[in-house]
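Note sheet for the following structure.
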Amino acid sequence: MKTKAVLTVEDVQKINAAAVAEATSNGWNVCITIVDDGGHALSLHRMDGAAPSTAMMSLGKAQTSAVGRRESGAFEEMINGGRFAFLSAPNTAMLEGGVPIVVDGNVIGAVGVSGVKSNQDAQIARAGIAAITGA
Numbered sequence: 001m002k003t004k005a006v007l008t009v010e011d012v013q014k015i016n017a018a019a020v021a022e023a024t025s026n027g028w029n030v031c032i033t034i035v036d037d038g039g040h041a042l043s044l045h046r047m048d049g050a051a052p053s054t055a056m057m058s059l060g061k062a063q064t065s066a067v068g069r070r071e072s073g074a075f076e077e078m079i080n081g082g083r084f085a086f087l088s089a090p091n092t093a094m095l096e097g098g099v100p101i102v103v104d105g106n107v108i109g110a111v112g113v114s115g116v117k118s119n120q121d122a123q124i125a126r127a128g129i130a131a132i133t134g135a
């Protein structure tokens, strides 16, 4: 039987706090969503001033990253590279800003961020993840 790490409430709180700190230090108002490895929401934090639509977008990015086992932006790159069939993939948000949480080679969840430029969304997500992985 295989075993793998899972996100704890404490992990989720650390990720969220670090992501909020990164966004705040840059003056960005975003929504940060953290999901488990199946894409189920564990935390959603919409900062003051973030548009209502960011809640749905950040969740979609996180879910896409968790179940796709890669950054959500990778799907955007595939489409831009001509793999248009990905446009019909169900329940996906194929925009940069969803980043998987990888521990011991296993995806244990993901962070999705929405509210600023997509590369900035990803920057915030990575800063959050670094709070528990040190990467």
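Heads up: the sequence shown begins at 1 in UniProt numbering, then just goes up one per residue.
Note that the Cβ used here is the ideal one computed from N, Cα and C, for glycine as well.
Next on the checklist: What would DSSP say about residue 136, mapped onto helix, strand or coil?
Outcome noted: Nothing about residue 136 can be reported from this structure: the residues present for the chain run from 1 to 135 only.
Checklist entry - Just how far apart, CA to CA, sit tryptophan 28 and methionine 1? => result 44 Å
Checklist entry - Is the distance from the Cβ of alanine 41 to the Cβ of glycine 115 below 9 Å? => result no
Next on the checklist: If distances are taken between C-alpha atoms only, which option among Gly68, Pro100, Ile101 and Asn106 comes closest to proline 90?
Outcome noted: Gly68
Next on the checklist: Please classify aspartate 121 as buried or exposed, where buried requires at least 16 neighbouring CB atoms within 10 angstroms.
Outcome noted: buried
Item to check | Range covered by the beta strand (DSSP E) that runs through alanine 41 | outcome: 41-46
Checklist entry - According to the Cβ coordinates, are arginine 124 and alanine 23 closer than 9 Å? => result A small correction: the amino acid at residue 124 is isoleucine; arginine does not occupy that position in the sequence shown. Their beta carbons are under 9 Å apart, which means isoleucine 124 touches alanine 23 by this criterion.
Checklist entry - Going by the beta-carbon positions, is the gap between isoleucine 15 and valine 111 smaller than 9 Å? => result yes
Next on the checklist: Just verifying my parser: in three-state terms, what is the DSSP assignment at threonine 3?
Outcome noted: coil
Item to check | Assumed close pair leucine 95, serine 58 - CB separation to whole angstroms, cut-off 8 Å | outcome: Leucine 95 to serine 58, Cβ: 10 Å. No contact.
Checklist entry - Quick one, which of Val99, Thr133 and Ile132 has its alpha-carbon nearest glycine 39's? => result Val99
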